[in-house]
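**Student:** Here you go, one structure.
Numbering (the working numbering), first residue to last: 68 to 210.
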């Protein structure tokens, strides 16, 4: 499975830990994130991850910024993307089960690195339930 990841200056340490987790678990990684703490524009990285998921270059995506909001908003501008802002494992699980989220957005300034890795693990290992949720998910994108 291929995972696309992108982050701004709030998330280099988070990205490193998550990429280590991914590679140790045999995921292929497409890395769009910065490794620097110097200020960069989060939409550049959110759009790059969204393009990968939308074009099927990646199965799922991970985005990281300070609050998780801006980068999720950027990714969610893409019609086929459902980026979920998550701050607990339970929310990450529900985002996959009920919303078929295909990108997890992590707020680096409000979660620990350990929490972030745990959320990614749950996100990647949870399936969409479908059923009654499928009709709702099909109504999310503007068509």
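Backbone N, C-alpha and C fix where the C-beta goes; we use that ideal spot for every residue, glycine too. Keep in mind that this is a model prediction, so the values were computed, not measured.
Counting Cβ pairs closer than 8 Å, one from the segment 148-163 and one from the segment 87-103, do we hit at least three?
**Tutor:** No contact exists between the segment 148-163 and the segment 87-103.
**Student:** When the Cβ atoms of the segment 133-149 are set against those of the segment 187-194, are three or more pairs found closer than 8 Å?
**Tutor:** Result no; under three Cβ-Cβ pairs closer than 8 Å.
**Student:** The beta strand (DSSP E) with residue 66 in it runs from where to where?
**Tutor:** The displayed coordinates of the chain run from 68 to 210. Any statement about residue 66 would go beyond what the structure contains.
**Student:** List the endpoints of the continuous alpha helix (DSSP H) containing residue 173.
**Tutor:** Not the alpha helix (DSSP H): residue 173 falls in the beta strand (DSSP E), residues 170-174.
**Student:** Using a threshold of 8 Å, state whether the C-beta atoms of residue 134 and residue 110 are closer than that.
**Tutor:** No, the pair does not count as a contact, with Cβ atoms beyond the cut-off.
**Student:** From residue 168 to residue 126, what does the alpha carbon distance come to, in whole angstroms?
**Tutor:** Answer to the nearest angstrom: the Cα atoms are 11 Å apart.
**Student:** Could you spell out where the alpha helix (DSSP H) holding residue 90 opens and where it closes?
**Tutor:** First-last of the alpha helix (DSSP H) with residue 90: 79-91.
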